[in-house]
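Reviewing the structure listed below.
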Amino acid sequence: NIMPFPMYGPMNFQDMFQPFFDMIHRAQQAMDGQFDGLLFQFPMEEFTEGNDNRSVCKEIRHNSTGCLRMKDQCAKCQEILSVDCSASSPEQSQLREELSSSLQLAEQLSQQYDELFRSYQQKMLNTSALLKQLNEQFNWVSQLANLTQREDPFSLQVTTVASHSSDSSVPSGFTKVVLRLFDSDPISVTVPEEVSMNNPKFMETVAEKALQEYRQKSRV
Amino acid sequence: EPAVPSRELQEMSTEGSKYVNKEIKNAFKEVKHIKSLMDHTNDERKSLLLSLEKAKKKKEDALTDTKDTEMKLKASENVCNETMTALWEECKPCLKQTCMKFYARVCRSSSGLVGHQLEEFLNQSSPFYFWMNGDRIDSLLENDRQQAHVLDTMEDRFSQVSRIMDELFHSRFFTRDLLDPHHFSPFGPNPRRPLYFNPKSRLAR
């Protein structure tokens, strides 16, 4: 009941679907425009070879500070961090302790934020995937609308039906049907002769195959 | 003489059209279903955004505290300078070697330029910066900056998409309620010829 055509009054096929084509296309463009490049890559806590280190490599190339994370692997670098200057400057030592604890808190809160940020990015990716799905489900309809220039009582128009006996190019044991979907190029479909033309399944098979072919083409 | 008479072709076209129209209706239903999924995702996104904003505030307060303390520490007199500088001179080559090994092995890329850049960076850095964990602070600040940028752009894109989707689902297609008996007429003037194919439609428009 979603589309009982008469209820929409005097609208043609193009009127109905053209706006959808434009809008879905625009929405997807807005969402997908370099969306992948936008995703924030979280720097790794540990530099391990098993992990995905693309972000680490990028960081090292971009900014050498990435290398300072490897200080744990150098004893002399570790020693700098353990230097105790409290004897010569108790005040500075106190400040360093304060800095250390506030840095720890900031790192902890940043990690919590990162988790939420990851979920948020995932939600955006889900929306992008839904838009893709929307496009896939509806693209063929809107493309048909794009093709349609004339108003015709039939969305599917059969032009010829032939069998091997009437047209030797048709494989034996099959019926070949040539048709158009709205104003599309002619589409040829073959149906096994077991399904006779009088069988209600015949046109259903023909239409199904024609739509399948059209959808496949519209995806390409 | 055609193999199949034109009357039969017309009947076949009518039958085939019924199937195509049914598929169009199905596609339309699917669009409505996807729209409801998008609404659901959007509700989750909104609630997540609220949590994200609260977490951002907490994180930024902590970062401000850290920066303030760092400034105070920088302003204080450098002590233990000699010890730190001596250790730093020994730390630098080890750091460079470890990093370049990692880069060549994991990033599988020529490390010449990166090595030169790193050497310059290490020579310009001070052990004091290292001692007060300046790299960790800078890393947090850089992440914060990048995340803020990504979030802004994502929000911007999402609001564009929302506007378009609102426009789409507020079109007369979706807003004309099916319950509106005034417009709903299951048996139009000619059930075999839906009105949207009516040749007078251009005139009516």
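Same order as they appear, the protein sequences are chains A and B.
Mind the numbering: the first sequence is residues 1 to 220 in the working numbering, read in order.
Mind the numbering: the second sequence is residues 1001 to 1205 in the working numbering, read in order.
Built from N, CA and C at the ideal position, the CB exists for glycine as well.
At a Cβ threshold of 9 Å, is residue i touching chain A?
{"i": "B:R1007", "result": "no"}
{"i": "B:G1112", "result": "no"}
{"i": "B:F1028", "result": "yes"}
Let's see if you can read the secondary structure: which residues bound the alpha helix (DSSP H) around residue i?
{"i": "B:V1114", "result": "G1112 to Q1124"}
{"i": "B:C1091", "result": "N1081 to F1102"}
{"i": "A:S82", "result": "A75 to S82"}
{"i": "A:C67", "result": "T65 to L68"}
{"i": "B:E1142", "result": "G1134 to F1169"}
Mind checking if residue i is an interface residue toward chain B, Cβ cutoff 9 Å exclusive?
{"i": "A:E46", "result": "Unreliable placement is indicated for A:E46, whose pLDDT of 48 sits below 50; the coordinate value is still reported in the next sentence. By this cut-off, A:E46 is not an interface position."}
{"i": "A:K217", "result": "no"}
{"i": "A:G66", "result": "yes"}
{"i": "A:T127", "result": "yes"}
{"i": "A:Q92", "result": "yes"}
{"i": "A:F202", "result": "yes"}
{"i": "A:T174", "result": "The residue asked about is misnamed: residue 174 of chain A is Phe in this sequence, not Thr. Closer than 9 Å: no."}
{"i": "A:D183", "result": "no"}
{"i": "A:V206", "result": "yes"}
{"i": "A:Q143", "result": "no"}
{"i": "A:E213", "result": "no"}
{"i": "A:T190", "result": "no"}
{"i": "A:K56", "result": "Note on identity: in this sequence residue 56 of chain A is Val, with Lys being the wrong assignment. For A:V56, the answer is yes, since a Cβ of chain B falls inside 9 Å of its Cβ."}
{"i": "A:V195", "result": "no"}
{"i": "A:S155", "result": "yes"}
{"i": "A:I187", "result": "no"}
{"i": "A:S102", "result": "yes"}
{"i": "A:S168", "result": "no"}
If you draw a straight line from the C-alpha of residue i to the C-alpha of residue j, how long is it?
{"i": "B:K1025", "j": "B:K1032", "result": "11 Å"}
{"i": "A:L95", "j": "B:R1136", "result": "16 Å"}
{"i": "A:A75", "j": "A:Q29", "result": "52 Å"}
{"i": "A:E204", "j": "B:H1170", "result": "34 Å"}
{"i": "B:N1042", "j": "B:A1062", "result": "30 Å"}
{"i": "B:E1155", "j": "B:E1082", "result": "50 Å"}
{"i": "B:K1054", "j": "B:D1152", "result": "16 Å"}
{"i": "B:N1133", "j": "B:A1148", "result": "23 Å"}
{"i": "B:F1130", "j": "B:E1142", "result": "17 Å"}
{"i": "A:E229", "j": "B:V1020", "result": "With chain A represented from 1 up to 220, any question about residue 229 of chain A goes unanswered, as that position is not in the structure."}
{"i": "A:V158", "j": "A:E136", "result": "26 Å"}
{"i": "A:S163", "j": "B:E1011", "result": "18 Å"}
{"i": "A:P200", "j": "A:Y214", "result": "22 Å"}
{"i": "B:S1185", "j": "A:N198", "result": "Here the model assigns B:S1185 a pLDDT of 27, short of 50, so the residue's position is not dependable and the matter cannot be decided."}
{"i": "A:Q112", "j": "B:K1056", "result": "9 Å"}
{"i": "A:S142", "j": "A:S166", "result": "36 Å"}
{"i": "A:T190", "j": "A:L179", "result": "11 Å"}
{"i": "A:F174", "j": "A:E193", "result": "5 Å"}
{"i": "A:E79", "j": "A:K58", "result": "28 Å"}
{"i": "A:F117", "j": "A:Q133", "result": "24 Å"}
{"i": "B:L1087", "j": "B:V1161", "result": "55 Å"}
{"i": "A:T160", "j": "A:S169", "result": "14 Å"}
{"i": "B:G1016", "j": "A:P186", "result": "15 Å"}
{"i": "A:K217", "j": "B:L1049", "result": "40 Å"}
{"i": "A:F138", "j": "B:A1027", "result": "6 Å"}
{"i": "A:C77", "j": "B:V1079", "result": "17 Å"}
{"i": "B:S949", "j": "A:L156", "result": "Residue 949 of chain B lies beyond the residue range present for chain B, which begins at 1001 and ends at 1205; the question has no answer from this structure."}
{"i": "B:S1013", "j": "A:I24", "result": "30 Å"}
{"i": "B:S1139", "j": "B:E1044", "result": "30 Å"}
{"i": "A:D84", "j": "A:K71", "result": "18 Å"}
{"i": "B:R1122", "j": "A:Q104", "result": "The sequence given here places Leu at residue 1122 of chain B; Arg does not occur at that position. Each residue's alpha carbon lies about 25 Å from the other."}
Within the continuous beta strand (DSSP E) that includes residue i, where are the two ends?
{"i": "B:V1004", "result": "Per DSSP, B:V1004 belongs to no beta strand (DSSP E) and is neither H nor E."}
{"i": "A:P192", "result": "I187 to P192"}
Do residue i and the ligand ADP come close, with the Cβ less than 8 Å from some heavy atom?
{"i": "A:W140", "result": "The ligand ADP is absent from the structure shown, which contains no ligand whatsoever."}
Quiz prompt | Every unbroken beta strand (DSSP E) within the segment 118-181 of chain A, with a cutoff of 3 residues, ordered by chain | solution = 156-163 and 174-181
Quiz prompt | Cβ pair count under 8 Å reaching 3, the segment 1057-1067 of chain B against the segment 128-147 of chain A | solution = no
Practice problem: Please confirm if the segment 84-95 of chain A is in contact with the segment 1109-1118 of chain B, defined as three or more CB-CB distances below 8 Å between the two stretches. | Solution: Verdict: no, contact absent.
Practice problem: May I ask you to verify whether the segment 111-122 of chain A touches the segment 1117-1128 of chain B, counting CB pairs closer than 8 Å and requiring at least 3? | Solution: no
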